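What follows is a single structure, written as structure tokens, with notes after it.
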Amino acid sequence: MYHVFILLLSIGNVYNLTCKDVLDISDLKKIKLYELQSLSPQDVINCLSYLGKEKLTVSEASFIWNSIIEFYSGISNIPEDTLVTLHWVTIAISPEDYQNMTLGTLDVITNFGFNYGLSNEKLRAIADRVRCDFGDKQPEDYSCYDLAALRQILCAFNKSEIERIHPKAYKEVAVIIGKLKNCNYDVLQGFATLTVDIDAFGSPDTWTNSTIRSLGVVAEHLPEEITVKLKKKLGSHILENIGNVD
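Residues -16 to -1, 1 to 230 (mature numbering (1 follows the signal peptide of the UniProt record, and there is no 0)) make up the sequence shown, in order.
Laid out in structure tokens, this is it:
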């Protein structure tokens, strides 16, 4: 009977974890879904900055996201300081969920701008929120800091919106833009239009190999006549593997 009591006590300890327990476990291994499910909503909140920092499965992220909703009694009540620490929990948020959120500050937008491999539908929902919430800013008002925060969200913008961004602001973050993943053709063409503006990188006649490398995937979408000139000047190899630069 004594041994049974010890076993039950041990099981109880495993299935009633606290944030401190999670941090202790994480020193040895990645926390499992069943261990996550033993956390109270309060402990999920307390441990969120840790829980979201590593890539999660959809099931793990969904449990954490639903715990957050439960703790705050609704999506619309989730405070900014929680939204900014979601990180990989972001993959569990549905397009409909964004209708009840406010993405109005740079810190919050930064969380949603990282590359989590979100679907186009989710990115479009985030972009719609940014258009509504981000201080009445239009694309021509975006600073380089705004663009750096938006990152992947820009892939859900229209080409016409991209082309309204100020070339100088774009130039400051061209290296970041050049590393965007799975952006559609029109968006990258929009950035290519900004690239050849004299206020961005000056005349293409003055560009160097370093300029091309800084453009990343955008370089693949430059106008053909400019690409031909650059290949003659810098070599036919200049665009090889440009999209694979990390």
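For each residue, glycine too, the CB sits at the ideal point set by N, CA and C. Note that this is a predicted model, so its numbers are computed, not measured.
Please give me, in chain order, every unbroken run of the alpha helix (DSSP H) with length at least 4 that falls completely inside the stretch 38 to 93. 42 to 55 and 64 to 67
Pro207, DSSP secondary structure in three states: coil
Extent of the continuous alpha helix (DSSP H) run through Asn30: If you look at Asn30, you'll find it in the alpha helix (DSSP H) that goes Pro25 to Asn30.
Contact the stretch 121 to 128 vs the stretch 95 to 109: 3+ CB pairs below 8 Å: no
For Tyr129 and Asn(-1), I'd like the C-alpha separation in whole angstroms. 42 Å
Whose C-beta lies closer than 7 Å to the C-beta of Ala109 among residues of the same chain, with five residues either side of it excluded? Pro79 and Tyr82
Would you report the Cα separation of Tyr(-15) and Ala76, rounded to the nearest angstrom? The predicted position of Tyr(-15) is uncertain, since its pLDDT is 34 and thus under 50; a value taken from the coordinates is nonetheless stated next. Cα-Cα distance, rounded: 43 Å.
When you compare each of Val73, Ile137, Gln21 and Leu67 to Met85 by their alpha carbons, which one comes out closest? Out of Val73, Ile137, Gln21 and Leu67, the CA that lies nearest to the CA of Met85 is found in Leu67.
Let's test the definition: count the other Cβ atoms within 10 Å of the Cβ of Gln21 and tell me whether it reaches 16, buried, or not, exposed. Counting every other CB atom within 10 Å of its CB across the protein chains shown gives Gln21 a total below 16, marking it as exposed.
So the alpha helix (DSSP H) Leu178 belongs to, where does it begin and stop? Tyr169 to Thr179
Is DSSP giving Asn99 helix, strand or coil here? coil
Given this structure, state the Cα-to-Cα distance separating Leu(-8) from Thr2, to the nearest angstrom. Residue confidence is low: Leu(-8) scores 34 on pLDDT, short of 50, so the model does not pin down where it sits. Its coordinate-derived value is still stated next. Between Leu(-8) and Thr2, the C-alpha separation is close to 16 Å.
Exposure of Glu44, with buried meaning 16 or more beta-carbon neighbours within 10 Å: buried
Given that a residue counts as buried once 16 or more other Cβ atoms are within 10 Å of its Cβ, and exposed if not, what is Tyr100? buried
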